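All letters in the sequence shown, in the order written, are residues 150 to 411 by my numbering.
For each residue, glycine too, the CB sits at the ideal point set by N, CA and C.
Please read all numbers here as calculations on a predicted model, not as lab measurements.
Data first, discussion second: the structure below is written as structure tokens.
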Amino acid sequence: MRVGVIDMGTNSTRMLVAEIDDGSVDELEWRSTVTRLGRGVDTSGRLANEAIDEVCGMVGDYLSICREHGVERLVAIATSAVRDAENGSVFVAELRERFELQARVLGGDEEARLTYLGALAGREPSDDPVLVIDIGGGSTELVIGRGAVVEAHASLQAGVIRHTERHLSTDPARQRDLEDLAIDVRKLIGETGVEDSHIRPVRAFAVAGAPTALAAIDQELDPYRRERVHGYQLSLESIQRMCSSLASKPLAERVAVTGLNP
150 MRVGVIDMGT
160 NSTRMLVAEI
170 DDGSVDELEW
180 RSTVTRLGRG
190 VDTSGRLANE
200 AIDEVCGMVG
210 DYLSICREHG
220 VERLVAIATS
230 AVRDAENGSV
240 FVAELRERFE
250 LQARVLGGDE
260 EARLTYLGAL
270 AGREPSDDPV
280 LVIDIGGGST
290 ELVIGRGAVV
300 EAHASLQAGV
310 IRHTERHLST
320 DPARQRDLED
330 LAIDVRKLIG
340 ETGVEDSHIR
350 PVRAFAVAGA
360 PTALAAIDQE
370 LDPYRRERVH
380 GYQLSLESIQ
390 RMCSSLASKP
400 LAERVAVTGL
410 NP
């Protein structure tokens, strides 16, 4: 069966067209565009009209691609920004009215579970406990599991757009603001209880734009190459080095960093 999936996240809108056959997934086309649907949601509590229009325009483009591929089944999902915004239902209704598209808004727990299953798909089965981290634009999912079984999970109200808007107002960021941001995130993680789990992961997998950007920067990829990023191993030392370097640079210098998609 030929399937199309459109994922409307807080920071980006993605599309995958794939042929599904007895559990195997053969990718036919993949797209990802930064649309920032969740801009301003943390302060206003609402999706901006211009953000809705921009994402709807991108969805229209993606639907055209799906039709060109002869997609038989289409799945559309929305995550943190839409579930948090008081007018999230308006956005869902707009998609239905414009495109006859019924989007499904994932809850935080379901997003965490699907993130875990997706991150481990295609890997050799193992009973070793692992941690999966999904750093999105509006939320972050932490999932601990063994094999296909989720043992503990949490969805945090912490994301790259949400916390940039909440804490960082200068360019480059002030050190005290970065420290406040880190304290905020640590507090949110502590409140989840995930750290209290009796399971101690032996490996960690990270998905979404922030970790893949670090993988591309660490390899100085230009242009970006997904096959080089997927499965790339980042050391804690290299993560700390890159984060420190990026935080010290103004925007004009950050966008010029090799491997970072502006």
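Quick one: Cα of L250 to Cα of E235, how far?
-> Position 101 of the sequence shown, counted from the start, is the residue given in the question as residue 250. Position 86 of the sequence shown, counted from the start, is the residue given in the question as residue 235. About 20 Å.
With a cut-off of 9 Å, does the C-beta of P274 fall near any C-beta of chain D?
-> The displayed structure is made up of one protein chain only, and chain D is not part of it.
By a C-beta neighbour count over all protein chains shown, 10 Å radius and 16 as the cutoff for buried, is M150 buried or exposed?
-> Here the question's residue 150 lines up with position 1 in the sequence shown. M150 is exposed by the Cβ-count criterion.
Expressed to the nearest angstrom, what Euclidean distance is found between the alpha-carbon atoms of G153 and A355?
-> Against the sequence shown, residue 153 aligns to sequence position 4. Against the sequence shown, residue 355 aligns to sequence position 206. Going from the Cα of G153 to the Cα of A355 covers about 24 Å.
Assuming A353 contacts L305 (C-beta within less than 8 Å), just tell me the rounded distance between them.
-> To locate residue 353, count along the sequence shown from 1; it is residue 204. To locate residue 305, count along the sequence shown from 1; it is residue 156. About 16 Å; that fails the 8 Å criterion.
Nearest-angstrom Cα distance between G285 and N160?
-> By 1-based counting over the sequence shown, the position of residue 285 is 136. By 1-based counting over the sequence shown, the position of residue 160 is 11. Computed Cα separation, rounded: 7 Å.
What runs of the alpha helix (DSSP H), each 4 residues or longer, lie entirely inside the stretch 211 to 277?
-> 229 to 233, 237 to 248, 257 to 269
In chain order, which continuous runs of the beta strand (DSSP E) of length 3 or greater are located wholly inside the stretch 352 to 386?
-> 352 to 356
Would the beta-carbon of I310 fall within 9 Å of that of E243?
-> Position 161 of the sequence shown, counted from the start, is the residue given in the question as residue 310. Position 94 of the sequence shown, counted from the start, is the residue given in the question as residue 243. Going by C-beta atoms, I310 is not nearer than 9 Å to E243.
Validate contact between the stretch 267 to 276 and the stretch 314 to 333 using beta carbons, cut 8 Å, 3 pairs = no
Measuring CA to CA, which of L263, I332, K398 is closest to H302?
-> Against the sequence shown, residue 302 aligns to sequence position 153. H302 has its Cα closest to that of L263, out of L263, I332, K398.
Give a single yes or no on whether F354 has its beta carbon closer than 8 Å to a heavy atom of the ligand SAH.
-> With respect to the ligand SAH, the structure shown offers nothing to examine, as it has no ligands at all.
What residues match up with R315 in a beta bridge as DSSP calls it?
-> Taking the sequence shown and counting its residues from 1, one reaches residue 315 at position 166. According to DSSP, R315 bridges with nothing at all.
Endpoints, the alpha helix (DSSP H) within which D191 is located | Within the sequence shown, numbered from 1, the residue matching residue 191 stands at position 42. D191 -> alpha helix (DSSP H) spans 190 to 193.
Helix, strand or coil at S394 [DSSP, three-state] = On the sequence shown, position 245 is the one that residue 394 refers to. The answer is helix: DSSP assigns S394 an H, G or I state.
What are the boundary residues of the alpha helix (DSSP H) that I348 is part of?
-> Locating residue 348 in the sequence shown gives position 199, where the first residue counts as 1. I348 -> no alpha helix (DSSP H), and no H or E assigned at all.
Tell me which same chain residues have a C-beta within less than 8 Å of the C-beta of I388, skipping the five on either side of it?
-> Mapped onto the sequence shown, residue 388 falls at position 239. Same-chain partners within the cutoff: L363.
Through-space distance from L317 to G194, alpha-carbon basis = Locating residue 194 in the sequence shown gives position 45, where the first residue counts as 1. Locating residue 317 in the sequence shown gives position 168, where the first residue counts as 1. Going from the Cα of G194 to the Cα of L317 covers about 18 Å.
With a CB to CB cut of under 6 Å and the five nearest residues on each side skipped, what residues in its chain are close to V241?
-> Counting from 1 along the sequence shown, the entry for residue 241 is found at position 92. Once the five neighbours on either side are set aside, the close Cβ partners of V241 are A252.
Name the two residues that bound the continuous beta strand (DSSP E) containing T162.
-> Position 13 of the sequence shown holds residue 162. Here the beta strand (DSSP E) through T162 covers 161 to 170.
If you compare alpha carbons, which of G158, I169, S238 is closest to V208?
-> Residue 208 sits at position 59 when you count from the first residue of the sequence shown. Of the listed residues, the one whose Cα sits closest to V208 is G158.
Closest Cα partner of A225 within the set C215, E314, V351 = Taking the sequence shown and counting its residues from 1, the one referred to as residue 225 is at position 76. When each option's Cα is compared against that of A225, the closest is C215.
Taking the alpha-carbon positions, what's the D371 to V378 distance?
-> Sequence index remark: in the sequence shown, residue 371 carries index 222 (1-based). Sequence index remark: in the sequence shown, residue 378 carries index 229 (1-based). Taking the straight line joining both Cα atoms gives about 12 Å.
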